[in-house]
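Comments concern the structure below.
2 protein chains.
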Amino acid sequence: MTLFEPADAPAPSLGPVTRVRATVAYDGRGFSGFAPNVGVRTVGGVLAEAIGKVLGHQVDITCAGRTDAGVHAWGQVISFDARSEALDLDGLARRVNKMLAPTVVVRDLGEAADDFDARFSARSRRYRYLVLNRPVPDPFLAHMSWHVPQPLDLAAMQLACDPFIGEHDFAAFCRRPKRSDGEEASLVRRVTEATWIDEGDGRLRFEIEAQAFCHQMVRSIVGLLVAVGHGKRRAGEVRGVIASGDRNRAAPLAPGQGLMLWEVGYD
Amino acid sequence: MTLFEPADAPAPSLGPVTRVRATVAYDGRGFSGFAPNVGVRTVGGVLAEAIGKVLGHQVDITCAGRTDAGVHAWGQVISFDARSEALDLDGLARRVNKMLAPTVVVRDLGEAADDFDARFSARSRRYRYLVLNRPVPDPFLAHMSWHVPQPLDLAAMQLACDPFIGEHDFAAFCRRPKRSDGEEASLVRRVTEATWIDEGDGRLRFEIEAQAFCHQMVRSIVGLLVAVGHGKRRAGEVRGVIASGDRNRAAPLAPGQGLMLWEVGYD
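For the record, the sequence lines run as chains V and R.
The number in the working numbering is simply the position in the first sequence, starting from 1, with 2 added.
The number in the working numbering is simply the position in the second sequence, starting from 1, with 2 added.
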């Protein structure tokens with residue numbers, strides 16, 4: 003995507019390359035996910051446009067977690083190359099926030115090592131999912147939670163978390179990506195934490211951490227755990243569902259608006 | 003406001019009168035305050051319309067606190083008369099929530115004493131105001147806080163709360179209402195609590211309780227307290243501002259979106 007020149011214009015004279023890393027928070031409502039995509043409003047699209055405007059050149063943004071439509075982030079990490087003489091990183095963050103806040107906010111921004119890559123350098127991703135388990139909805143949490151009015155059995159949901167820990171093929175919980183080379187992408191992932199935290203007042207927060215996640219994995223896991231909480235599924239089934247690799251044995255996806263990319267870990 | 007019949011239609015045959023009390027939460031964005039008003043969307047207007055539709059007759063709603071445009075409520079209390087045979091109060095709450103949630107939510111609803119009046123029976127009102135004192139905004143709190151990026155002196159703001167406690171004429175902090183009889187309405191109010199709570203991460207929450215408040219009183223007090231936090235005004239000035247009764251000596255109003263009617267107390 004070239005923002006300022008027609009595609010055949012000569013490249014402007016640019017300064018030395020600086021790899022930049024930033025932590026970004028956003029309210030996912032109104033966005034068709036993160037990944038830039040022609041014709042739709044995406045978080046990556048508006049960020050690339052704003053950063054490109056400030057820097058005066060096109061930027062390609064890499065992110066740690068390609069969140070889906072409606073999914074939020076508190077600690078999304080991005081990287082890109084800036085090629086300006088006299089690069090002012092504080093000014094860059096300030097000006098981008100002036101354009102995009104409060105919907106999309108650059109929480110911090112700084113120079114990174116030349117080989118830093120928000121996606122491939124990441125060692126862990128942590129997602130949070132909020133279930134609001136109260137009889138009536140909440141006007142202040144509705145856009146960032148899944149409202150489940152029927153009572154949930156939290157102890158059963160907690161028990162059902164255990165089988166997810168460790169390295170598994172998560173084919174039953176993921177949309178299998180299409181690869182251009184016709185090979186099947188691996189869906190093996192290592193989950194290091196999966197737990198429910200009772201925040202009180204019916205706020206049930208699920209936290210899950212893994213080195214990486216496949217597409218729709220967290221929402222699919224939460225969907226099954228909540229089905230266990232309803233008593234429609236049993237905690238003892240979960241191990242079998244994982245082993246089956248069969249998406250038909252999982253449960254419907256939890257809605258996107260309850261999910262938040264919370265934190266990304268690097269060495 | 004008559005919803006179903008022209009003004010000159012004969013009154014439909016209705017059942018016995020039941021006084022109903024409800025606790026209502028709402029996200030104040032998109033509403034021109036609570037009080038029903040011709041030509042604008044108000045919380046009271048949409049509630050009266052929804053309740054009237056379910057009951058099949060027009061209702062007049064009384065509220066404990068007439069919140070301004072953009073101001074939120076967690077514990078607004080309303081009262082109205084229902085005149086249905088075989089009144090189903092649980093069904094009423096459920097059907098109103100079906101129409102209005104999650105923007106406006108009936109948290110509870112039940113029969114009250116015949117002489118209960120959400121406004122005149124109230125013994126205390128508690129408001130909360132959230133100041134977000136961090137360098138960058140927060141996508142998830144922006145619509146319900148005042149973002150103040152410059153560091154605030156919380157100790158000075160706390161000290162400046164003390165003079166508000168007790169009974170005072172709050173003329174310096176209120177919009178004086180016009181009375182149809184030409185008399186001046188009293189602006190004397192008794193404040194029983196006024197304090198800041200540091201919730202961490204730059205979340206500064208102001209809590210204030212009084213028997214009743216005048217128009218714009220909380221936002222005007224918060225405006226002055228934040229000016230003290232900035233060092234533009236001194237805590238020692240506050241007593242004199244109250245005593246002056248002069249609105250020009252107060253500070254600009256804090257924005258409406260940080261304010262929430264939290265709780266209303268009854269005997």
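Beta carbons are placed, not taken as given, at the ideal position from N, Cα and C, and that holds for glycine.
| Item | Value |
| --- | --- |
| Here's the rule I'm using: 16 or more other beta-carbon atoms within 10 Å means buried, otherwise exposed. How should residue 162 of chain V be labelled? | buried |
| Under 8 Å, Cβ to Cβ, is there at least one residue of chain R near residue 249 of chain V? | no |
| Using a Cβ cut-off of 8 Å, pull out every chain R residue sitting near residue 109 of chain V, in sequence order please. | 138 |
| Using a Cβ-Cβ cut-off of less than 9 Å, list which residues of the region 102 to 130 of chain R approach chain V; keep chain order. | 103, 104, 105, 106, 107, 108, 109 and 110 |
| With DSSP run on the structure shown, which of helix, strand or coil describes residue 63 of chain R? | coil |
| Report the CB separation of residue 139 of chain V from residue 104 of chain R in whole angstroms; it is logged as a contact under 8 Å. | 4 Å |
| Go ahead and label residue 222 of chain R buried or exposed: buried means 16 or more other beta carbons lie within 10 angstroms of its beta carbon, across all protein chains shown. | buried |
| Closer than 7 Å, Cβ to Cβ, to anything on chain V: give me those residues from the region 64 to 76 of chain R, in chain order. | none |
| Residue ranges of each beta strand (DSSP E) run of no fewer than 3 residues wholly in the region 117 to 181 of chain R, ordered along the chain? | 124 to 134 and 168 to 171 |
| With a threshold of 8 Å between beta carbons, is residue 208 of chain V in contact with chain R? | no |
| Alpha carbon to alpha carbon, how far is residue 8 of chain R from residue 201 of chain R? | Unreliable placement is indicated for residue 8 of chain R, whose pLDDT of 49 sits below 50; the coordinate value is still reported in the next sentence. In a straight line, the C-alpha of residue 8 of chain R is about 53 Å away from that of residue 201 of chain R. |
| In chain order, what residues of the same chain lie with their CB nearer than 7 Å to the CB of residue 19 of chain V, ignoring the 5 residues before and after it? | 83 and 85 |
| Would residue 27 of chain V pass as an interface residue toward chain R - the criterion being a Cβ-Cβ separation below 8 Å? | yes |
| Using the three-state DSSP reduction, which class does residue 232 of chain R fall into: helix, strand or coil? | helix |
| DSSP three-state call for residue 58 of chain V: helix, strand or coil? | coil |
| Closer than 8 Å, CB to CB, is residue 144 of chain V near chain R or not? | yes |
| Applying the 10 Å Cβ sphere with the 16-neighbour rule, what's the burial state of residue 29 of chain V? | buried |
| Helix or strand or just coil, what does DSSP make of residue 5 of chain V? | For residue 5 of chain V, the pLDDT reaches just 47, beneath the cut-off of 50, and the residue's location in the model is therefore unreliable, although a value from the coordinates is still provided. If DSSP states are grouped into helix, strand and coil, residue 5 of chain V belongs with coil. |
| Can you check the region 180 to 245 of chain R for any alpha helix (DSSP H) of at least 4 residues that lies completely inside it and give the ranges in chain order? | 219 to 232 |
| Determine whether the Cβ of residue 99 of chain R lies closer than 8 Å to any Cβ atom of chain V. | yes |
| Which residues does DSSP pair with residue 25 of chain V in a beta bridge? | V:79 and V:110 |
| Within 8 Å (strictly less), CB to CB, does residue 141 of chain R reach chain V? | yes |
| Between residue 219 of chain R and residue 76 of chain R, is the Cβ-Cβ spacing less than 8 Å? | no |
| Tell me which residue opens and which closes the alpha helix (DSSP H) that residue 93 of chain V is part of. | 91 to 102 |
| Assign residue 19 of chain V to one of three DSSP states: helix, strand, or coil. | coil |
| Between which two residues does the beta strand (DSSP E) harbouring residue 266 of chain V extend? | 261 to 268 |
| Is it buried or exposed, residue 115 of chain V, if we count other Cβ atoms within 10 angstroms and call 16 or more buried? | exposed |
| Residues bridged to residue 84 of chain R by DSSP? | R:20 |
| Going by other Cβ atoms of all chains shown within 10 Å of its Cβ, with 16 needed for buried, is residue 194 of chain V buried or exposed? | exposed |
| Quick check on the burial criterion: 16 or more other C-beta atoms within 10 angstroms. Buried or exposed for residue 43 of chain R? | exposed |
| Below 8 Å between beta carbons: does that hold for residue 142 of chain V and residue 146 of chain R? | yes |
| Measure the alpha-carbon distance for residue 198 of chain R versus residue 126 of chain R and round it to whole angstroms. | 19 Å |
| Relative to the C-alpha of residue 36 of chain R, which residue among R:252, R:123, R:73 and R:213 is closest? | R:73 |
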